[in-house]
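>
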Amino acid sequence: MKLSANLSMLYTELPFLKRFTAARRDGFRAVEIQFPYDTPIADIRRALMDNDQRCVLINVPAGDLMDGGEGLASVPRKTAEYAAAVVECLAYARGLNVPSVNVLPGRCFQPERREEYLATFKKNLVVTANSLAPFGITTTFEAINRFDMPDFLLSTGREMLAIMAELEHPSIKAQFDIYHMARMGVDVPGFLKRHARRIGHIQFADMPGRNEPGTGRLRFREIFGVIAASDYEGWVGAEYRPSMATPATMGWLRELQEWHPQALEA
100 MKLSANLSML YTELPFLKRF TAARRDGFRA VEIQFPYDTP IADIRRALMD
150 NDQRCVLINV PAGDLMDGGE GLASVPRKTA EYAAAVVECL AYARGLNVPS
200 VNVLPGRCFQ PERREEYLAT FKKNLVVTAN SLAPFGITTT FEAINRFDMP
250 DFLLSTGREM LAIMAELEHP SIKAQFDIYH MARMGVDVPG FLKRHARRIG
300 HIQFADMPGR NEPGTGRLRF REIFGVIAAS DYEGWVGAEY RPSMATPATM
350 GWLRELQEWH PQALEA
């Protein structure tokens, strides 16, 4: 089991480029960044090198998604814009030696058009995977719970499994967000045991508040134990909202290291 720190969610009390050092101070030798595109590749690369870290995940640009819009990946009229986003993402992924790239399906505000949006998303997902695979980069995609994003195109693990079964693309895997799937009532340990090989990246936060482990109802000792014992070979990203200054929320990490000392190895 290999841990990474999501620098878009953690250490936000600091300017972006100073978060790398803060994460390294807490022991993280791997980081992930949701949308790194406002910072030059060279600056991020320097921060990684200075702290002996690697970046293990970025997202394809998602347009207006984070501002409440549809996003790009599933919108029929935005296929050209999405293709340009993949080109930009590939430049960052190659420049930072990122092994996995995540695609956010986005929102569909018109239920009667859901199948059209879903078809567009699947086509774009294959285009993305075909663009990234020659460089050894895995393409992941994720479902987000209906409570936080009611109109999000995908919201369950079952939907992700169905898409992978239909596409049968060797470079496409699920990004399994423990928080989002727990909110949807998914049996997290059971899903991880059954489908570890279909998962390309894991993220976690406690539930229901999306804060650090120990602030909610999830049994992370059990969940982390399942991951460590499974066939899953990818990264496990801390993507939570710290309830206080980020370093003060690392009690879960110290506890994890007591029984899994390899968790912070890169």
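Read in order, the letters of the sequence shown correspond to residues 100 to 365 in this note's numbering. All C-beta atoms, glycine included, are put in the ideal place defined by N, C-alpha and C.
1) Do you know whose CA, among A179, V185, D250, lies nearest P210's CA?
2) So within the segment 110-175, which uninterrupted alpha helix (DSSP H) runs reach at least 4 residues, ignoring any that extend past its ends?
3) Please report the distance separating the alpha-carbon of P312 from that of R145.
4) Using alpha carbons as the reference points, say which of C154, I301, E187 lies closest to A161.
5) Pick out whichever of L352, V155, A242 has its Cα sitting closest to the Cα of L217.
6) Take Y181 as the anchor and find which of D151, T138, V225 has the nearest alpha-carbon.
7) Exposed or buried, what is T219 when buried is set at 16 or more other beta-carbons lying within 10 Å of its beta-carbon?
8) Which residue from G205, I236, N229, V287 puts its Cα closest to that of G167?
9) With the cut-off set at 8 Å, would you say V159 and V202 are in Cβ contact?
10) Tell me where the alpha helix (DSSP H) around T227 begins and ends.
11) Give the DSSP bridge partners of A104, in chain order.
12) Ordered along the chain, which non-local residues of its own chain (more than five positions away) have a Cβ less than 8 Å from that of I157?
13) Rounding to the nearest angstrom, what Cα-Cα distance links G299 and R320 in this structure?
14) With 16 other CB atoms within 10 Å as the buried threshold, where does Q361 fall?
15) From the DSSP output, which residues share a beta bridge with F251?
16) For the alpha helix (DSSP H) containing I262, name the first residue and the last one.
17) In three-state DSSP terms, what is H300?
Per the coordinate set shown:
1) By one-based count along the sequence shown, residue 210 stands at place 111. The shortest Cα separation from P210 among A179, V185, D250 belongs to D250.
2) Listed in chain order, the complete alpha helix (DSSP H) runs (minimum 4 residues) inside the segment 110-175 are 115-124, 140-149.
3) Position 213 of the sequence shown holds residue 312. Position 46 of the sequence shown holds residue 145. If you take the alpha carbons of P312 and R145, they lie about 31 Å apart.
4) On the sequence shown, residue 161 is found 62 positions in, with the first residue counted as 1. Per the Cα distances, E187.
5) On the sequence shown, residue 217 is found 118 positions in, with the first residue counted as 1. When each option's Cα is compared against that of L217, the closest is A242.
6) Taking the first residue of the sequence shown as position 1, residue 181 is located at position 82. When the alpha-carbon of Y181 is set against those of D151, T138, V225, the nearest one is in V225.
7) Here the question's residue 219 lines up with position 120 in the sequence shown. Buried, since its Cβ has 16 or more Cβ neighbours within 10 Å.
8) For the purposes of this step, residue 167 is taken as residue 68 along the sequence shown, with counting starting at 1. Looking at the Cα atoms, G205 is the closest of the given residues.
9) The sequence position of residue 159 within the sequence shown is 60, counting from 1. The sequence position of residue 202 within the sequence shown is 103, counting from 1. Their beta carbons are under 8 Å apart, which means V159 touches V202 by this criterion.
10) As a first step, residue 227 must be located in the sequence shown, where it is residue number 128. Segment 213-231, the alpha helix (DSSP H) holding T227.
11) Position 5 of the sequence shown, counted from the first residue, corresponds to residue 104. Residue pairing of A104 in beta bridges, as defined by DSSP: V130, A337.
12) Taking the first residue of the sequence shown as 1, we reach residue 157 at position 58. Setting aside the 5 residues that flank it on each side, I157 is surrounded in the same chain by E131, I132, Q133, F134, P135, C188, Y191, A192, L195, V197, V200, N201, each with a C-beta closer than 8 Å to its C-beta; the list follows chain order.
13) If you number the sequence shown from 1, residue 299 lands on position 200. If you number the sequence shown from 1, residue 320 lands on position 221. Each residue's CA atom was taken as its position, placing G299 and R320 some 21 Å apart.
14) Position 262 of the sequence shown, counted from the start, is the residue given in the question as residue 361. Counting Cβ neighbours within 10 Å, Q361 comes out exposed, since fewer than 16 surround it.
15) Taking the first residue of the sequence shown as position 1, residue 251 is located at position 152. For F251, which the question treats as bridged, DSSP gives the partners R206.
16) Counting from one through the sequence shown, the residue named residue 262 turns up at place 163. From DSSP, the alpha helix (DSSP H) with I262 extends over 256-266.
17) Here the question's residue 300 lines up with position 201 in the sequence shown. H300 falls in the strand class under three-state DSSP.
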